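Heads up: the structure comes next, in structure tokens.
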Amino acid sequence: MDQAASITLIDAERAVEVRASIVGERVRIAPDALADATGWKLEPRGLCRAEVCVPVRDRAGLVDEVGVDLAAFARAVGRPLALDIAECAAALGTGAAERSARMATLEAPDFTLPDLAGRMHSLSDHRGKKVLLIAYASW
Amino acid sequence: MWQALHEELGSLGFVPFTVALDQNPEDPRPYIERANPTHPSVIDTEHLIAELYDIRNVPTMLWIDESGRIVRPHDAQFGTDTFTQFHGKHSEPFLAAVRAWVKRGRGALDPDTVRAHQPLPTPETQLARAHRALAWWLHQQGRGEAAERHFLRAGELSPGDWTIRRGSMPIRGIHPMGPAFFELAKEGVPRYATEALPLPGAEPGRG
Chain B
435 MDQAASITLI DAERAVEVRA SIVGERVRIA PDALADATGW KLEPRGLCRA EVCVPVRDRA
495 GLVDEVGVDL AAFARAVGRP LALDIAECAA ALGTGAAERS ARMATLEAPD FTLPDLAGRM
555 HSLSDHRGKK VLLIAYASW
Chain A
24 MWQALHEELG SLGFVPFTVA LDQNPEDPRP YIERANPTHP SVIDTEHLIA ELYDIRNVPT
84 MLWIDESGRI VRPHDAQFGT DTFTQFHGKH SEPFLAAVRA WVKRGRGALD PDTVRAHQPL
144 PTPETQLARA HRALAWWLHQ QGRGEAAERH FLRAGELSPG DWTIRRGSMP IRGIHPMGPA
204 FFELAKEGVP RYATEALPLP GAEPGRG
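Quick note, the sequences are listed as chains B and A, same order. Take the first sequence: its letters are residues 435 to 573, numbered as in our numbering. Take the second sequence: its letters are residues 24 to 230, numbered as in our numbering.
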């Protein structure tokens, strides 16, 4: 890579330092490094993660000899990207379509979070009971 | 309140699960210590449930049945009447509805009604959450100026998201009940993504 640098990629609350080429607003990441950071592998049939494959229409716009274009990658997999070139950091969100489809199933998404003492609690610990989920805040 | 409800209804297979959308765990600590809960009471510094359930303001509550399905989507409800003079809502009809649900299985909504009342994310609200996640990470790295840019960008993208715009105030050194809050209120930003759902009528002889 000509302009060797690195970028912190935040995906699902996990921040990973990834080697990248940064030229202007353009961030390119080697396919292997992208797979390590996000789980998405570039394959002949498209971008694949676990059993899911997304076809890539504009392959030349997605990847060149330097690497995978981060913005084009986010578009291809339908995920929002917040990018800060000056800070060498970016966050990948969850796509609205993906989130809406999961919400339409009405399955309450599971989560595991700590209490004040650091003990972890999962929603799924309470399967078999009626749960009143209460979101609040001090603000 | 939730502790009392847990004591009252816990033996009937009911559990309140409280989640504080606070980036500084010390902020909700006094409330939690005062309640001394036996039910789960967690802190969500990453705003994970805001993302999973598309929550844009608090307090909000949803009902999940024994099989893990949402039977009442989240809407603005209150467990006490502490702030009734500000929002005009009383807690008692909602608490009565929870009791009727737990004791008699009343009030769960059918799937189509739940879907019709679920707020759904848009590309803008989801991009806003990505900017909030970036801002929060930058903040934790001590890169406050950069964090501020992304908190503001997130607020521009999703002006109705109070978990972003007001929820980020404490860590940005802005008083969440000070002038900045009233500016937000003056903008006419809707407080909640959806109107409160009607509650099933109080049953005669409930108890």
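Virtual Cβ for every residue (Gly too), placed ideally from N, Cα, C. Keep in mind it's a predicted model, so treat the numbers as computed, not measured.
query: Hey, Leu504 of chain B and Arg453 of chain B: beta-carbon distance below 8 Å or not?; result: no
query: For the pair the region 27-44 of chain A and the region 60-80 of chain A, tell me if three or more CB-CB distances fall below 8 Å.; result: yes
query: Which of the three DSSP states is assigned to Thr105 of chain A in this structure?; result: coil
query: May I ask you to report which of helix, strand or coil DSSP gives Trp573 of chain B?; result: coil
query: Helix, strand or coil, according to DSSP, for Asp549 of chain B in the structure here?; result: strand
query: Have a look at the DSSP bridge pairing and note the partners of Trp86 of chain A.; result: B:Leu566, A:Arg95
query: How far does the beta strand (DSSP E) with Gly480 of chain B in it extend, from its first residue to its last?; result: 480-483
query: Does the separation of the CB atoms of Ala151 of chain A and Leu180 of chain A fall below 8 Å?; result: yes
query: For Ser440 of chain B, which residues in the same chain have their Cβ closer than 8 Å to its Cβ, ignoring the five residues on either side in sequence?; result: Glu451, Val452, Arg453, Ala454, Cys522
query: So Asp67 of chain A contacts chain B; which residues on that side make the cut at Cβ distance below 7 Å?; result: Leu547
query: Apart from the five residues on each side of it in sequence, which residues of its chain come closer than 6 Å, Cβ to Cβ, to Met554 of chain B?; result: Thr546, Pro548
query: With the cut-off set at 8 Å, would you say Val488 of chain B and Gly480 of chain B are in Cβ contact?; result: yes
query: Checking the sheet assignment: what are the DSSP bridge partners for Ala524 of chain B?; result: B:Leu443, B:Leu517
query: In this structure, what does DSSP give as the bridge partners for Glu451 of chain B?; result: B:Thr442
query: Output yes or no for whether 8 Å exceeds the beta carbon distance between Ala73 of chain A and Leu44 of chain A.; result: yes
query: Pairing CB atoms from the region 527-540 of chain B with CB atoms from the region 190-197 of chain A, are three or more of them under 8 Å?; result: no
query: Over what stretch of residues does the alpha helix (DSSP H) that includes Ser534 of chain B continue unbroken?; result: 530-538
query: Rounded to a whole number of angstroms, what is the C-alpha to C-alpha distance between Arg509 of chain B and His173 of chain A?; result: 20 Å
query: In the structure shown, what three-state DSSP assignment does Glu541 of chain B receive?; result: strand
query: Using the beta-carbon count (16 or more within 10 Å), is Thr41 of chain A buried or exposed?; result: buried
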